[in-house]
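Asks: Numbering (my numbering), first residue to last: 39 to 366. For glycine and all other residues, C-beta sits at the position ideal for the given N, C-alpha and C. What follows is a structure written as structure tokens; I'll ask about it next.
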Amino acid sequence: MKPQPFRVHDQRVVKAFVEARRSHTADEPRLKFGWSNWGFGTEELGVSAERLAKYGVRYIELHGNLYSDDFGYKPDATLKTLGDHGITVSGICGMVTPDQEFAHNKPHVRARAVEYFRRQAAFTQAVGGTYLLFGAGSVGRPAAFDSYELERSASTMRHVADDFARAGIRGAVEPIRPEETSVVHTFEQALRLLDLVDHPAISHINGDTYHMLSGELHIGATLLDHGHRMLNLHLADTNRRALGHGLLDLDVIIMALYAIGYQRGDNYCSAEPLGAGGNPYAAMNLPPQADKLDELVRVTAETFREREQEVLGASDEELFALYQIDGE
Numbered sequence: 039m040k041p042q043p044f045r046v047h048d049q050r051v052v053k054a055f056v057e058a059r060r061s062h063t064a065d066e067p068r069l070k071f072g073w074s075n076w077g078f079g080t081e082e083l084g085v086s087a088e089r090l091a092k093y094g095v096r097y098i099e100l101h102g103n104l105y106s107d108d109f110g111y112k113p114d115a116t117l118k119t120l121g122d123h124g125i126t127v128s129g130i131c132g133m134v135t136p137d138q139e140f141a142h143n144k145p146h147v148r149a150r151a152v153e154y155f156r157r158q159a160a161f162t163q164a165v166g167g168t169y170l171l172f173g174a175g176s177v178g179r180p181a182a183f184d185s186y187e188l189e190r191s192a193s194t195m196r197h198v199a200d201d202f203a204r205a206g207i208r209g210a211v212e213p214i215r216p217e218e219t220s221v222v223h224t225f226e227q228a229l230r231l232l233d234l235v236d237h238p239a240i241s242h243i244n245g246d247t248y249h250m251l252s253g254e255l256h257i258g259a260t261l262l263d264h265g266h267r268m269l270n271l272h273l274a275d276t277n278r279r280a281l282g283h284g285l286l287d288l289d290v291i292i293m294a295l296y297a298i299g300y301q302r303g304d305n306y307c308s309a310e311p312l313g314a315g316g317n318p319y320a321a322m323n324l325p326p327q328a329d330k331l332d333e334l335v336r337v338t339a340e341t342f343r344e345r346e347q348e349v350l351g352a353s354d355e356e357l358f359a360l361y362q363i364d365g366e
């Protein structure tokens, strides 16, 4: 029986993983698994850190909530709180809104984005994060102003690129589904934008499995082809819920990451399950439901580690049989 197109891409990933695994060493590192905490709403950082530590999550991608000098996390207090729980900052999730965005057609809105990201860059450096991510356009504005948004976004990003470089951090563009933003929905579009920016401090991609379901032909194939430009991957199942509570083939994603050597670099997998339907950004400024967050973190962390172990422990023959690969 002829396999469906998605299965052909699956098989490509499996073969690439099996080939890469032959060069793995006995002390091969595991994928760095963390959590993007802006989905925890207004919860105190100490409470979030305690929850993450409880379920063995050692990296955190912090909400870029330094909206002014008076609002947001303070570096010393942040490091103290996270250090008490053995958690390290991987990076910062920058918030691009209709009031501050790179692609806007009004200069004062773009200027606010520049000032906002300069603050985030300094904060990222202060807390030891290595990356700062952002969308090319605003989340919450899916209708384009005009046909020049990509060029305008790139031009505005260049105003903060030197600030990123001085801070020693890496800027990463996140492709976001067209239902949420007007520009850069795929990895290829993100690479086109990065070519326009043409600056080493903003030259990476932040992937997101939920958005990739809309924008990419196949998540695993995209990771094989372009994952070398990616430094963080947001994880949520197909319904944007906890890993294991949807239809996502997490095994293929894990195999693709190992196939490109993602585990060996300063790269992260950051869980970001925000819930199905509606507007997840509304919860950003609301008190969280602690019991639901506990279950969300527990299930997601356990599922990720279980599937990683299953993938790494499976024999070539088991993988070929599961993904219907003949004659290998």
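Starting from A115, follow its DSSP beta bridges and name the residues at the other end.
Replies: For the purposes of this step, residue 115 is taken as residue 77 along the sequence shown, with counting starting at 1. According to DSSP, which records beta bridges pairwise, A115 is partnered with nothing at all.
Asks: For M268, report the span of its beta strand (DSSP E) as first-last.
Replies: For this step, residue 268 is matched to residue 230 along the sequence shown. Taken as a continuous stretch (DSSP letters only), the beta strand (DSSP E) holding M268 covers M268 to L273.
Asks: Within this structure, are the beta carbons of G245 and H272 separated by less than 9 Å?
Replies: For this step, residue 245 is matched to residue 207 along the sequence shown. For this step, residue 272 is matched to residue 234 along the sequence shown. Yes, Cβ-Cβ distance for G245 and H272 is below 9 Å.
Asks: D233: buried (16+ other C-beta within 10 angstroms of its C-beta) or exposed?
Replies: Counted from its first residue, the sequence shown places residue 233 at position 195. Classification for D233: exposed.
Asks: Less than 9 Å between the C-beta atoms of I240 and A199, yes or no?
Replies: For the purposes of this step, residue 240 is taken as residue 202 along the sequence shown, with counting starting at 1. For the purposes of this step, residue 199 is taken as residue 161 along the sequence shown, with counting starting at 1. Yes, the Cβ-Cβ distance between I240 and A199 is below 9 Å.
Asks: Distance, Cα to Cα, A203 vs P213?
Replies: On the sequence shown, residue 203 is found 165 positions in, with the first residue counted as 1. On the sequence shown, residue 213 is found 175 positions in, with the first residue counted as 1. Roughly 22 Å between the two C-alpha positions.
Asks: Is the beta carbon of F183 closer than 9 Å to that of A228?
Replies: Position 190 of the sequence shown, counted from the first residue, corresponds to residue 228. Position 145 of the sequence shown, counted from the first residue, corresponds to residue 183. No, the pair does not count as a contact, with Cβ atoms beyond the cut-off.
Asks: Assuming L295 and L69 make a contact with CB atoms under 8 Å, what is their CB distance in whole Å?
Replies: Within the sequence shown, numbered from 1, the residue matching residue 295 stands at position 257. Within the sequence shown, numbered from 1, the residue matching residue 69 stands at position 31. Going by Cβ atoms, the distance from L295 to L69 rounds to 6 Å, so yes, they are a contact pair.
Asks: What are the boundary residues of the beta strand (DSSP E) that H146 is part of?
Replies: Along the sequence shown, read from residue 1 onward, the residue named residue 146 stands at position 108. Here H146 belongs to no beta strand (DSSP E); instead the alpha helix (DSSP H) covers P145 to A164.
Asks: In this structure, does DSSP put I257 in helix, strand or coil?
Replies: The residue given as residue 257 occupies position 219 in the sequence shown. Here I257 sits in helix by DSSP.
Asks: Should P238 go down as buried or exposed, given a rule of 16 or more other Cβ atoms within 10 Å for buried?
Replies: The residue labelled residue 238 in the question sits at position 200 within the sequence shown. By the 10 Å Cβ count, P238 comes out exposed.
Asks: Sort out for me which residues DSSP pairs Q138 with in a bridge.
Replies: Within the sequence shown, residue 138 is the residue found at index 100, counting from 1. Answer is T135.
Asks: List the endpoints of the continuous alpha helix (DSSP H) containing L232.
Replies: Translated into the one-based positions of the sequence shown, residue 232 becomes position 194. Where L232 is concerned, the enclosing alpha helix (DSSP H) stretches over F225 to V235.
Asks: For S185, count neighbouring C-beta atoms within 10 Å of its own C-beta (all shown protein chains included) and say buried if the count is 16 or more, exposed if not.
Replies: To locate residue 185, count along the sequence shown from 1; it is residue 147. Under this definition S185 is an exposed residue.
Asks: What distance in whole Å lies between the Cβ atoms of I292 and L262, which are believed to be in contact at a cut-off of 8 Å?
Replies: Indexing the sequence shown from 1 puts residue 262 at position 224. Indexing the sequence shown from 1 puts residue 292 at position 254. Rounded, the Cβ-Cβ distance is 13 Å, inconsistent with contact.
Asks: Let me know if R230 comes out buried or exposed under the rule of 16 or more other beta-carbons within 10 Å of its beta-carbon.
Replies: Reading the sequence shown from its first residue, position 192 is the one you call residue 230. It counts as exposed.
Asks: Is D122 helix, strand or coil by DSSP?
Replies: Position 84 of the sequence shown, counting from 1, holds the residue named residue 122. Here D122 sits in coil by DSSP.
Asks: Going by CA-CA distance only, name the one from Y111, G94 and A309 that's closest to G124.
Replies: Taking the first residue of the sequence shown as 1, we reach residue 124 at position 86. Checked all of Y111, G94 and A309; the closest Cα to G124 is G94.
Asks: Going by DSSP, which residues form a beta bridge with V211?
Replies: In the sequence shown, counting from the first residue as 1, residue 211 sits at position 173. Looking at the DSSP assignment, V211 forms a beta bridge with F172 and I243.
Asks: Given this structure, state the Cα-to-Cα distance separating T126 from L171, to the nearest angstrom.
Replies: Looking up residue 126 in the sequence shown gives position 88. Looking up residue 171 in the sequence shown gives position 133. The alpha-carbon atoms of T126 and L171 are separated by roughly 17 Å.
Asks: Report yes if the C-beta distance between R148 and S106 is below 9 Å; otherwise report no.
Replies: Position 110 of the sequence shown holds residue 148. Position 68 of the sequence shown holds residue 106. Not closer than 9 Å, so no.
Asks: Just tell me which of E355, P326 and R89 has its CA closest to the CA of L120.
Replies: Taking the sequence shown and counting its residues from 1, one reaches residue 120 at position 82. The candidate whose alpha carbon is nearest that of L120 is R89.
Asks: DSSP three-state label for L83, please.
Replies: One-based indexing of the sequence shown puts residue 83 at position 45. In the structure shown, L83 sits in a helix (DSSP, three-state: H, G or I).
Asks: Below 7 Å CB to CB, which residues in the same chain sit around R345 once its five sequence neighbours on both sides are set aside?
Replies: Taking the first residue of the sequence shown as 1, we reach residue 345 at position 307. Once the five neighbours on either side are set aside, the close Cβ partners of R345 are L288, D289 and I292.
Asks: Which residues in the same chain as E217 place their Cβ atom closer than 8 Å to its Cβ, once the five residues preceding and following it in sequence are excluded?
Replies: Locating residue 217 in the sequence shown gives position 179, where the first residue counts as 1. Cβ neighbours of E217 beyond the five flanking positions: P180 and S252.
Asks: Closest to A115 by C-alpha separation, out of V211, V51 and E82, would be which residue?
Replies: For the purposes of this step, residue 115 is identified with residue 77 of the sequence shown, where counting begins at 1. Closest by alpha carbon: E82.
Asks: Can you tell me where the beta strand (DSSP E) holding Y296 begins and where it ends?
Replies: As a working note, residue 296 is residue 258 in the sequence shown. Y296 -> not in any beta strand (DSSP E); alpha helix (DSSP H) instead, spanning L288 to A297.
Asks: By Cβ distance, which residues of its chain are closer than 7 Å to M322, with the 5 residues on each side in sequence left out?
Replies: Here residue 322 refers to the residue found at position 284 when the sequence shown is read from its first residue. Excluding sequence neighbours, M322 sits near W76 and G79.
Asks: So, helix, strand or coil for T276, using DSSP?
Replies: Against the sequence shown, residue 276 aligns to sequence position 238. Here T276 sits in coil by DSSP.
Asks: Which stretch, first to last residue, makes up the alpha helix (DSSP H) that contains H197?
Replies: Sequence index remark: in the sequence shown, residue 197 carries index 159 (1-based). H197 -> alpha helix (DSSP H) spans E187 to A205.
Asks: Could you compute how far the alpha carbon of P311 sits from the alpha carbon of D275?
Replies: If you number the sequence shown from 1, residue 311 lands on position 273. If you number the sequence shown from 1, residue 275 lands on position 237. If I take the Cα positions, the gap works out to 7 Å.
Asks: Under DSSP, the alpha helix (DSSP H) around F78 begins and ends at which residues?
Replies: Locating residue 78 in the sequence shown gives position 40, counting from the first residue. F78 -> no alpha helix (DSSP H), and no H or E assigned at all.
Asks: Give the DSSP-derived three-state secondary structure of E428 in the structure shown.
Replies: There is no way to answer for residue 428, as the model of the chain reaches only from 39 to 366.
Asks: Looking at L269 and G84, is the spacing between their C-beta atoms short of 9 Å?
Replies: As a first step, residue 84 is located in the sequence shown; it is residue number 46 there, counting from the start. As a first step, residue 269 is located in the sequence shown; it is residue number 231 there, counting from the start. Against a cut-off of 9 Å, the Cβ pair of L269 and G84 comes out as no contact.
Asks: If G175 sits next to V221, beta carbons under 8 Å apart, how far is it from one beta carbon to the other, in whole angstroms?
Replies: Residue mapping note: residue 175 aligns to position 137 of the sequence shown, counting from 1. Residue mapping note: residue 221 aligns to position 183 of the sequence shown, counting from 1. Going by Cβ atoms, the distance from G175 to V221 rounds to 4 Å, so yes, they are a contact pair.
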